[in-house]
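J.:
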Amino acid sequence: MAHITLSIPKELYKLMKKYKEVNWSEVARRAILEKLLTIKAGEEGVTRGELVMLLEVVGGRVFTKSYDYSRELELLEKIKEREKKRIKYLRELEES
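Residue numbers (my numbering): 85 to 180.
#1: Starting from Ala112 and walking both ways along the alpha helix (DSSP H), at which residues does that stretch end?
#2: Apart from the five residues just before and just after Ser180, which ones in its own chain have a Cβ nearer than 7 Å to its Cβ?
#3: By Cβ distance below 8 Å, which residues in the same chain neighbour Glu128 in space, the five residues on each side in sequence not counted?
#4: Work out the CA separation of Tyr173 and Arg166 for me, nearest whole Å.
#5: Can you give the beta carbon distance from Leu117 to Arg132, rounded, assuming they're within the 8 Å contact cut?
#6: Report the three-state DSSP secondary structure of Lys104 (helix, strand or coil).
#7: For Val130 and Ile171, what's the separation of their Cα atoms in angstroms?
#8: Which residues mark the beginning and the end of the alpha helix (DSSP H) in which Ser154 is found?
#9: Would a C-beta distance cut-off of 8 Å place Leu96 and Ala112 closer than the cut-off?
Below, the structure is given as structure tokens:
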């Protein structure tokens, strides 16, 4: 795999350092790939979605790594539960 170096503003770098759990290289790879797909789709006269489907049909892999969303899904479930409790509490307040 080839390597590239990016220059980013210091403030952006400071923000990125706050989120050490994020694989910023993967974020950059996906952003570059999405931009390339959009450009290529425009050149070929197809939509980006059609281009992705064509790549999958011929065995091309759009993303080199699959992302594990389990942590985000757990957080989403916690948020849903808290929201249910909050709504229940508000309804109880209205009834009293």
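We treat Cβ as the ideally placed atom computed from N, Cα and C, and that holds for glycine.
T.: In short:
#1: Start at 1 with the first residue of the sequence shown, and residue 112 comes out as number 28. Per DSSP, Ala112 belongs to the alpha helix (DSSP H) from 108-128.
#2: Taking the first residue of the sequence shown as 1, we reach residue 180 at position 96. Same-chain partners within the cutoff: there are none.
#3: The residue you call residue 128 lines up with position 44 of the sequence shown. Closer than 8 Å at Cβ, skipping near neighbours: Leu135.
#4: By one-based count along the sequence shown, residue 166 stands at place 82. By one-based count along the sequence shown, residue 173 stands at place 89. Spanning the two alpha carbons is a distance of roughly 10 Å.
#5: Start at 1 with the first residue of the sequence shown, and residue 117 comes out as number 33. Start at 1 with the first residue of the sequence shown, and residue 132 comes out as number 48. So it is not a contact: roughly 11 Å between Cβ atoms.
#6: Here the question's residue 104 lines up with position 20 in the sequence shown. Coil at Lys104, not helix or strand.
#7: If you number the sequence shown from 1, residue 130 lands on position 46. If you number the sequence shown from 1, residue 171 lands on position 87. Near 46 Å, if we compare the C-alpha coordinates of Ile171 and Val130.
#8: Here the question's residue 154 lines up with position 70 in the sequence shown. Where Ser154 is concerned, the enclosing alpha helix (DSSP H) stretches over 154-179.
#9: Counting from one through the sequence shown, the residue named residue 96 turns up at place 12. Counting from one through the sequence shown, the residue named residue 112 turns up at place 28. Contact: no.
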